[in-house]
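Asker:
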Amino acid sequence: QRICVIGAGASGLTAIKCCIDEDLEPVCFEKSHDIGGLWRFEEEGTSDGATVYRSTYINTSKEMMAFSDFPPPKEAANYFHNSKVMQYYRDYADKYAIYVLTHIKYKREVLSCKKMNDFESTGNWFVTTKNLLTDKTSVDVFNGVIVAVGHHAVPHFPVSQFPGADKFKGKILHSQDYRDFRGFENKNVVVLGVGNSGGDIAVELSWHSKQSHYSNFNIILTLIFIKAFKYTGLRQQLLGTTRRGTWVFNRLGPYGMPRDFLVITRHRAFLNWLTPSSVIQKSVESQLMEKFDHDHYGLRPDHGPLNQHPFINDELPHRIINGSIMIKSNIELIFDDGTAVEADAVIFATGFIFQFPFQNDSIAKLNGTDSQLYKYIWPVGMAKHTLAVIGHVHVLGAVNPVSEMQCRWATRVFKELATLPNDTNMLLDINRKKCLNAYLPYTCYSLTFYKVDHIAYMDEIADQIGVKPNMFSLFITDRKLARKVWYEFCSAYQYRLKGPGKWAGAREAIMGQQSRMFCPLHTRATSKRSK
């Protein structure tokens, strides 16, 4: 079977490998000149899509973002710079080079993906691509399609709804086009949006003002909590809406350990299941308020800390308290408190739209607030389930292992080694999730429907494949391993202990994950640790 993989980012790379693992023949079309997708930094003017900025660090620790059969180096830092993320992807591709890299066709843009006339009996697809080097188009037939472009392909850039944008003399850009602080020195810059990108960009720009170095008030970095915008008829409420603010999380948890290493555990998930959500909300809120008072800093929102996608920033409160960043509300440059600022540049950190430029929307039925994808992967109403959408979730964790798990399931469905329920039961599952999400606390964010919990979702898909770890069996047969699986971070290695795709190194990877976490920190012996 020939499988078309669209995109050679993190999801595309693991899709290729999963195809090979199941004896499928992948052909990957990548619009740019290299692998890595979003995480490959490109200088301005050379990017073929969304790219990180020069200073970007990942918000999830290395063990959390790792693929299930490829642990990161023990000496590597726990939070990767974007260049280290790319190195990890290159090392992954190099390890399986004979499987992965030879199947990628670069500078190929997918123009359309359409069902063949005999789709109901064959499940085949016509995929039209354009060679960006020769400008020639070609059409190929595939037995299956894996869409692995992620959800950072189409920027949400509502410039027309910004008051006075047509008369603004300065620079207006989307965060997708931001590379670094150069060109913004000694400028008055307005950053719209308080998602992770908006926070990072504002913090970086604040370090390069004269105010920071010479106490001259020559730059004001203003984070603005933007209003809800309408886009294609849908009310899209972006993270950090007007006058709501945001709860600020940082990367470090108690004792300086990576926060996700302590939070995303089976033990913690079980305790959360037993505890009323209001109690958890209060506990998390208390922890965040101990770091700094969100009221005094002008950041406290109207919702609880579990009602939003985590806003992770280690520096923002420090830049606020020393005056480098000023917090304001409203989207006009004349603010609610009557003050004004003459802006030289406006950066829209307003996120991205769930949309495929090459795909008929009627197939996947995607929009900003809803989806008709079973388990966020499979379009409903297909005679043959030969199209899978990968990585189209907002996971409270890392997307790499989630995309890999989705690909493992997709390739088994393509080979008819796993089956899907009928359309009625798929829709029941989709509607059940809609109802469940409606009662969950995660309500102030427009993409609530796409939100998934890391452990719950990984277990859900693993159950479909037959690779979900059996805790009862583990505690009987391997108590040391069971304790690691239960109390430590829920790493992707757990899903290689048994079943299809079982990996002989899975146990060793789990047993060593904590030592790999501590290794880059232990560069100097201390009296306590040397005993």
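Counting from 506, one number per residue, gives the positions in the sequence shown under this note's numbering. Just so you know, even glycine gets a beta-carbon here, dropped at the ideal spot from N, CA and C.
To which residues does DSSP link Trp630 through a beta bridge?
Answerer: BP columns for Trp630 point to Lys620 and Phe647.
Asker: Excluding five sequence neighbours on each side, which residues of the same chain lie with their C-beta closer than 7 Å to the C-beta of Leu804?
Answerer: The residues are Gly750, Thr751, Val753 and Ile832.
Asker: Applying the 10 Å Cβ sphere with the 16-neighbour rule, what's the burial state of Cys523?
Answerer: Label assigned to Cys523: buried.
Asker: Round the Cβ separation of Ala513 and Cys533 to the nearest angstrom and send it over; I've been treating them as touching at under 8 Å.
Answerer: About 5 Å; that satisfies the 8 Å criterion.
Asker: Output needed for Gln506: all residues of its chain with C-beta closer than 8 Å, excluding positions within five of it in sequence on either side, in chain order.
Answerer: Contacts found: Leu529, Glu530, Asn648, Gly649, Phe919 and Lys920.
Asker: For Pro815, which of helix, strand or coil comes out of DSSP?
Answerer: Three-state result, Pro815: coil.
Asker: What three-state label does DSSP hand Met762 in the structure shown?
Answerer: Note: Met762 maps to coil in three-state DSSP.
Asker: Does DSSP put Asp983 in a helix, in a strand, or in coil?
Answerer: If DSSP states are grouped into helix, strand and coil, Asp983 belongs with coil.
Asker: In the DSSP assignment, the alpha helix (DSSP H) including Leu901 goes from what residue to what residue?
Answerer: No alpha helix (DSSP H) holds Leu901; the beta strand (DSSP E) holding it covers His899 to Leu901.
Asker: Would you mind reading off the limits of the beta strand (DSSP E) that contains Glu530?
Answerer: Glu530 to Glu535 is the span of the beta strand (DSSP E), which, as asked, contains Glu530.
Asker: Is the distance from the Cβ of Ile817 to the Cβ of Asn693 below 8 Å?
Answerer: No, the pair does not count as a contact, with Cβ atoms beyond the cut-off.
Asker: Need the endpoints of the alpha helix (DSSP H) that Lys787 sits in, please.
Answerer: Per DSSP, Lys787 belongs to the alpha helix (DSSP H) from Ser782 to Lys796.
Asker: My output table needs one value for Glu690: the three-state DSSP class, helix, strand or coil.
Answerer: If DSSP states are grouped into helix, strand and coil, Glu690 belongs with coil.
Asker: Within the same chain, show all residues whose beta-carbon is closer than 6 Å to that of Gly896, passing over the 5 residues directly before and after it, in chain order.
Answerer: Contacts found: Ser516, Gly655, Val904 and Ser908.
Asker: So, do the stretch 617 to 624 and the stretch 588 to 606 have three or more beta carbon pairs nearer to each other than 8 Å?
Answerer: Output reads no: the stretch 588 to 606 does not touch the stretch 617 to 624.
Asker: Contact defined as beta carbons within less than 8 Å: I believe Ile508 pairs with Val652. What is the distance between those atoms, to the nearest angstrom?
Answerer: Ile508 to Val652, Cβ: 11 Å. No contact.
Asker: Return the CA-CA distance between Asn812 and His823, expressed in angstroms with no decimal places.
Answerer: Spanning the two alpha carbons is a distance of roughly 24 Å.
Asker: Cutting at 6 Å between CB atoms, please list the residues of its own chain near Lys735, excluding the five before and the five after it.
Answerer: Its pLDDT being 30, under 50, Lys735 is placed unreliably in this model, and the coordinates cannot settle the point.
Asker: Under 7 Å Cβ to Cβ from His772, same chain only, skipping five residues before and after it: list those, please.
Answerer: For His772, where only same-chain residues beyond five positions count, the Cβ hits under 7 Å are Trp991 and Tyr992.
Asker: With H, G and I counted as helix, E and B as strand and the rest as coil, what does DSSP make of Arg507?
Answerer: Strand, per DSSP.
Asker: By DSSP, does Asp526 sit in helix, in strand, or in coil?
Answerer: Of the three classes helix, strand and coil, the one that applies to Asp526 here is helix, per DSSP.
Asker: If you draw a straight line from the alpha carbon of Asp958 to that of Val900, how long is it in whole angstroms?
Answerer: Straight-line Cα distance between these residues: approximately 6 Å.
Asker: Quick check on Gly856: buried or exposed, where buried means 16 or more other Cβ atoms within 10 Å of its Cβ?
Answerer: Buried, by the Cβ-count rule.
Asker: How would you label Ile830, buried or exposed, when you count the other beta carbons within 10 angstroms and need 16 or more for buried?
Answerer: When all chains shown are included, Ile830 counts as buried.
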